[in-house]
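A quick write-up on the structure given underneath.
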């Protein structure tokens with residue numbers, strides 16, 4: 001298991017040439033399926049941002065992310081920054097804010113949302129927007 005905070009800042013390298021594409025800026029999650037779908041990469045020496053589909057990754061580890069291809073996908077879903085986002089239940093109760101997200105680096109499957117009040121299992125995720133992460137009430 002890995003945390004978003006551990007992935008952020010990792011160098012992203014191409015698998016074949018070991019050429020650096022940039023560093024991980026953030027991860028995009030599809031809340032309905034509970035998986036990481038895309039990786040946003042910022043150039044190390046520029047502000048240019050590249051979006052890579054999760055399927056373009058070969059491996060993600062504690063020291064680097066290896067990608068098969070640095071080509072951007074045809075469609076890029078909306079991105080919502082999870083850390084710092086408010087958490088609401090489907091009934092409107094506030095559960096605090098997202099502090100981090102635990103995910104399986106091999107598959108991109110979200111395992112839990114880390115909060116100050118404890119971890120929320122990924123099977124409670126319902127939706128994600130600019131304002132909040134919506135989860136099933138306990």
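In UniProt numbering, the protein residues as written are 1 to 138. Each residue gets a CB set at the ideal place from its N, CA and C atoms; glycine is no exception. Remember, predicted model here, so these are calculated numbers, not experimental data.
- Message: According to DSSP, simplified to helix, strand and coil, what is residue 46?
- Response: Residue mapping note: residue 46 aligns to position 46 of the chain shown, counting from 1. Residue 46 falls in the coil class under three-state DSSP.
query = Taking contact to mean at least 3 C-beta pairs separated by less than 8 Å, is the segment 63-75 in contact with the segment 48-55?
reply = The segment 63-75 is in contact with the segment 48-55.
Please report the Cβ distance between residue 5 and residue 100, rounded to the nearest whole angstrom; I am assuming they are in contact, meaning their Cβ atoms lie under 8 Å.
On the chain shown, residue 5 is found 5 positions in, with the first residue counted as 1. On the chain shown, residue 100 is found 100 positions in, with the first residue counted as 1. Correct: roughly 5 Å between the Cβ atoms.
Does DSSP classify residue 86 as helix, strand or coil?
Within the chain shown, numbered from 1, the residue matching residue 86 stands at position 86. The three-state reading of DSSP puts residue 86 in strand, counting E and B together.
By DSSP's criteria, residue 38 is part of a beta bridge. Which residues make up the other side?
As a first step, residue 38 must be located in the chain shown, where it is residue number 38. Paired residues: 28 and 53.
Can we say the segment 39-49 touches the segment 83-99, given the rule of at least three CB pairs closer than 8 Å? Because the criterion of three Cβ pairs below 8 Å is not met, the segment 39-49 and the segment 83-99 do not touch.
If you draw a straight line from the alpha carbon of residue 96 to that of residue 135, how long is it in whole angstroms?
-> Taking the chain shown and counting its residues from 1, the one referred to as residue 96 is at position 96. Taking the chain shown and counting its residues from 1, the one referred to as residue 135 is at position 135. Here the C-alpha atom of residue 96 lies approximately 12 Å from the C-alpha atom of residue 135.
Cβ contact (3+ pairs, closer than 8 Å) linking the segment 16-26 and the segment 107-117:
Because the criterion of three Cβ pairs below 8 Å is not met, the segment 16-26 and the segment 107-117 do not touch.
- Query: Per DSSP, which one or two residues make a beta bridge with residue 66?
  - Reply: Numbered from its first residue, the chain shown carries residue 66 at position 66. DSSP lists 13 and 59 as partners of residue 66.
Label residue 67 either buried or exposed according to how many other C-beta atoms from any shown protein chain fall within 10 Å of its C-beta, with 16 as the threshold for buried. Position 67 of the chain shown, counting from 1, holds the residue named residue 67. Classification of residue 67: buried, given that the 10 Å Cβ count is 16 or more.
**Asked** Out of curiosity, what's the CA-to-CA distance linking residue 123 and residue 30?
**Response** Counting from 1 along the chain shown, the entry for residue 123 is found at position 123. Counting from 1 along the chain shown, the entry for residue 30 is found at position 30. Their Cα atoms are separated by approximately 12 Å.
The beta strand (DSSP E) enclosing residue 104, as first and last residue numbers: Working through the chain shown from its first residue, we reach residue 104 at position 104. Looking at the DSSP string, residue 104 is not in any beta strand (DSSP E), and its letter there is neither H nor E.
Handout entry: Residue span of the beta strand (DSSP E) that contains residue 111, given as start and end
Key = Numbered from 1 along the chain shown, position 111 holds the residue referred to as residue 111. Its beta strand (DSSP E) spans residues 110-115.
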